[in-house]
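Each residue of the sequence shown is one higher than the one before, counting from 2 in this note's numbering. The beta-carbon is built from N, C-alpha and C at its ideal position, and this holds for glycine as well.
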Amino acid sequence: MKYQTSSILSRATRVACVALATVGAAMVATHAHAQSSGPSRAVNVYGGIAYGLQVRSGCDGATNCEAGRDAVKLFGGYRMTPNLATEISYFYLGKQDRTWAPGNPSTPTYRTVVSSTEVTRGIRNQEDKTYALGLGVNLETELFSFMTNHLRVGLAYSQTKSDILLDNGSRVGTTRERIFPYAGVGASALVSPYIRLVTAVDVLLNPDRTHYVITAGISGEF
């Protein structure tokens with residue numbers, strides 16, 4: 002089984018460097034800001050965007066499988082209290098491409114109906130695109146007087162669109178919808194009264210396969 006490990010590690014290293022640089026820059030900028038200005042007013046609404054890496058668990062025995070892909074996260078929330086917010090998140094989880102060689106005992110099958118008869122075909126290649134929408138809560142705790150820790154939990158709805166090549170050369174398209182829990186942790190720091198640099202690790206417990214999402218980005222408070 003071939004997992005394109007070097008590609009995944011390269012992406013993971015790049016995202017980790019971005020995350021570390023983000024946190025470092027946030028610490029320096031926040032310290033300078035704290036020295037030069039007083040406390041900012043409380044804000045209740047925020048939104049942001051982050052980019053990073055997502056890795057899916059499992060390749061279902063595919064001969065060729067790319068388990069890791071770039072990911073984009075959009076999020077926004079409303080603080081009900083100074084430490085608790087309701088939050089909505091949108092995840093674009095990229096593409097996954099899997100190929101099964103002829104004779105592979107792990108090859109999945111696809112059932113279809115031909116002339117009123119159910120026929121089972123082997124799958125040779127499958128490309129998936131997954132999107133997810135999450136609704137949950139964000140618990141915020143101040144750390145070291147200049148950073149904030151985030152703990153997120155909620156429910157997510159996902160849609161996976163698949164382009165499938167069957168062993169007889171025909172192609173079919175399918176769409177799968179799932180609802181499942183998710184959780185995440187993260188850290189952020191103010192670099193101006195209303196701008197934060199953010200990092201996060203989110204785990205989406207999709208029953209088809211778990212998604213691990215590592216992102217770094219920026220958010221604004223209004």
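With a threshold of 16 other beta carbon atoms within 10 Å, residue 74 meets it and is buried. Separation of residue 84 and residue 194 (C-alpha to C-alpha, rounded to the nearest whole angstrom) is 17 Å. Excluding its 5 nearest sequence neighbours in each direction, residue 139 has C-beta neighbours in its own chain below 7 Å: 78, 86, 88, 151, 153, listed in chain order.
Residue state for residue 168 is assigned as coil, using DSSP reduced to three classes.
For the pair residue 102 and residue 62, the Cα-to-Cα distance works out to about 10 Å.
Of all alpha-carbon atoms in 68, 82, 45, the one lying nearest the alpha-carbon of residue 210 is that of 68.
Rounded to whole angstroms, the gap between the alpha carbons of residue 182 and residue 206 is 6 Å.
Residue 82 is not a Cβ neighbour of residue 130, given a cutoff of 8 Å.
Residue 127 has its alpha-carbon roughly 11 Å from the corresponding atom of residue 168. Burial state of residue 216 is buried, judged by a 10 Å Cβ sphere holding 16 or more other Cβ atoms.
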